[in-house]
Each structure stands twice: as C-alpha cells, then as structure tokens.
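Contents: one structure, followed by commentary.
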Amino acid sequence: KNQVEQSPQSLIILEGKNCTLQCNYTVSPFSNLRWYKQDTGRGPVSLTIMTFSENTKSNGRYTATLDADTKQSSLHITASQLSDSASYICVVSGGTDSWGKLQFGAGTQVVVTP
Amino acid sequence: DGGITQSPKYLFRKEGQNVTLSCEQNLNHDAMYWYRQDPGQGLRLIYYSQIVNDFQKGDIAEGYSVSREKKESFPLTVTSAQKNPTAFYLCASSIDGRQPLHFGNGTRLTVT
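These protein sequence lines are chains A and B, in that order. Sequential numbering from -14 applies to the first sequence in the numbering used here. Sequential numbering from 216 applies to the second sequence in the numbering used here.
Written out as structure tokens, the structure reads:
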C-alpha cells in the first residue's frame, strides 16, 4: 500500500482561480515533506520542503501547509496561470538517518484552462 | 548553467538488448539517484549512490546495474533481465539525503 496518497487524481481549473491539492501520508518516522512540480515530459522541480516544526511554506503563488499530527499536507495555488498546468507530486522523507527513504505520491494532474 | 543532463531523451531498443542511459551533473553533488516513473504511479527508486565508487540498491534494482566511477556521472544500464523495461527514467542528485532532489529531464525508453 502506498504510504503517500494524493487527491484529487486530476483537476481542471480556470485561469486566475485558486485550487488546493491534498496529500495524506502514513510514513513514520517523519523527516520532511516535499512538493514538486513536473511538467509533461520533464523532470520534477522542487517547490517546497517542510520539516516537522514547519506549518506553512510559500514559494511565490504556491503555499504548502503541513499538519504533522494528522499527517496531512496541502498545496495551494493562488491566481492560477496556464504555466501551472503540470503534475504536482508530494514526497515524504522518513527514517532517522540522512538518507531517509523517500516515498512518492502518484501526483495530482492540474490543467489550467483559459 | 548548473544542472543534470540525461541523454538521450528518447531511446528505442529491441527486447533482449542491454541499453545504457547517461546521467551527468555539474552541481558538485555527492548523491545521485535513478528513478523509474510509470503512469499513475509514484517514482520508484532503482539505485542510489552517496559517494564515488559506492552505490546501493533501491526498491526495484532487479534487471538494472549502475556504476559511479566519477562524481559527475552515474550511468544506468537496463539489462535484458529487466522484465518490463519500457518506462520514463529520471536521474537526480542532491547535496545529501535530506536536501531537495535536482532532477534531469528524463529518458523515455521503449523496448519492443
């Protein structure tokens, strides 16, 4: 069973609107949680990385939140642009050493339409 | 520009042939990784290397081999023993295991 579940699987939004993507995880122990953006046919690009003590982190129009108690994270996209069309991947790092194994979610495919 | 270069972008091979995917980085990162991406699934770790001349198996290492003779290079060989090799392969690097991964733009391998 995947230890990182993302929802929705896909969504379509109008340009200029906001949207929120969800990530639930069961990875334990927890080290950090990362969000990546992957354009079609390209490699993922890091958006944010949050440790246990961080609740919110922003990167431009992207804001990630983390609730380590409930093991949930969200990625909020504000004022979406056509260039936001991509897959957004939640990644959780577990383990107690510096090479903690990464668990990848399957991603949420976002399509922004004019 | 610093980054990771994967080549080629597309690769076609006949079943039974070994094929090597190239990955080069100029970020001076110690750690390098190979992932496989299939539709509807999360990335899966094939191999990773923390330092030159050392590498570790990931979750799906069977049918793959790697080498790490130079800090900058981490080639992946997909052997004929890999039962389902058609996939999108991503190479990544990081300063260490806790830092964000920097990915290349992938190689799409098709085996027929």
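Just so it is clear, CB atoms sit at the ideal spot from N, CA and C, and this is done for glycine as well. All of these numbers come straight from a predicted model, not from anything done at the bench.
Practice problem: For A/Ala91, return the contacting residues in chain B, with the cut-off set at a CB-CB distance below 8 angstroms. | Solution: Gly255, Gln256 and Gly257
Exercise. With a threshold of 6 angstroms, establish whether the CB of B/Leu305 neighbours any heavy atom of the ligand MG.
Key: Of ligands this structure carries none, so the ligand MG is not represented either.
Quiz item: When we look at the beta-carbon of B/Pro223 and count the other beta-carbons within 10 Å, is it buried (16 or more) or exposed?
Solution: exposed
Quiz item: When you compare only the Cα positions, how much space is there between A/Gln(-6) and B/Cys238?
Solution: 30 angstroms
Quiz item: Smallest Cα separation from A/Cys131: which of A/Tyr10, A/Val97, A/Ser38 and A/Leu67?
Solution: The requested residue 131 of chain A is not part of the displayed model; chain A covers only -14 to 99.
Quiz item: If you draw a straight line from the C-alpha of B/Tyr263 to the C-alpha of A/Gly45, how long is it?
Solution: 31 angstroms
Quiz item: What number of angstroms, rounded off, separates the C-alpha of A/Ala53 from the C-alpha of A/Gln(-9)?
Solution: 16 angstroms
Self-check item: Per-residue burial, B/Asn268 [other beta carbons within 10 Å of its own, 16 or more giving buried]
Solution: exposed
Self-check item: Cutoff 7 angstroms: B/Phe227 Cβ touching any chain A Cβ
Solution: no
Practice problem: Could you name the residues of chain B that A/Ser(-7) contacts, counting a contact when the two beta carbons are closer than 7 angstroms? | Solution: Ser is not the amino acid found at residue -7 of chain A; the sequence shown has Pro there. Near A/Pro(-7) there are no residues of chain B at all, since even the closest Cβ is about 13 angstroms away, more than 7 angstroms.
Exercise. Quick one: grab the DSSP three-state call for A/Ser16.
Key: strand
Quiz item: What's the call for A/Leu(-1), buried or exposed, on a 16-neighbour Cβ count within 10 Å?
Solution: Exposed, because fewer than 16 other Cβ atoms sit within 10 Å of the Cβ of A/Leu(-1).
Quiz prompt | Pairwise C-alpha distance: A/Pro99 and A/Cys4 | solution = If you take the alpha carbons of A/Cys4 and A/Pro99, they lie about 15 angstroms apart.
Exercise. For B/Asn320, go through chain A and note every residue whose CB falls closer than 8 angstroms to its CB, in chain order.
Key: Gly26, Arg27 and Gly28
Quiz item: Among A/Thr41, A/Val96 and A/Val77, which one has its Cα closest to the Cα of A/Leu67?
Solution: A/Val96
Exercise. If I'm right that B/Thr235 touches B/Gly319 with Cβ under 8 angstroms, what's the distance once you round it to whole angstroms?
Key: Contact between B/Thr235 and B/Gly319 does not hold, since the beta-carbon distance rounds to 15 angstroms and is not under 8 angstroms.
Exercise. Would you give the residue range spanned by the beta strand (DSSP E) that A/Glu(-10) belongs to?
Key: Val(-11) to Ser(-8)
Exercise. Please name the residues in the segment 237 to 256 of chain B whose beta-carbon is closer than 7 angstroms to at least one beta-carbon of chain A, in chain order.
Key: So the list reads Gly255 and Gln256, given in the order they occur along the chain.
Practice problem: Please state if the CB of A/Thr50 and the CB of A/Ser43 are separated by a distance shorter than 7 angstroms. | Solution: With respect to A/Thr50, A/Ser43 sits apart: the two C-beta atoms are not nearer than 7 angstroms.
Quiz item: Whose Cβ in chain B lies nearer than 7 angstroms to the Cβ of A/Val(-11)?
Solution: Gly257
Self-check item: Local Cβ density within 10 Å of B/Gln271, reported as buried at 16 or more and exposed below that
Solution: exposed
Quiz item: Would a check of beta-carbon distances place B/Leu305 closer than 7 angstroms to chain A?
Solution: yes
Exercise. For A/Ala71, I'd like the list of residues in its chain whose CB is within less than 7 angstroms of its CB, leaving aside the five on either flank, ordered along the chain.
Key: Lys22, Gln23, Asp24 and Val95
Self-check item: Near-chain B residues of the segment 30 to 46 of chain A - C-beta to any C-beta below 8 angstroms
Solution: Val30, Ser31 and Ile34
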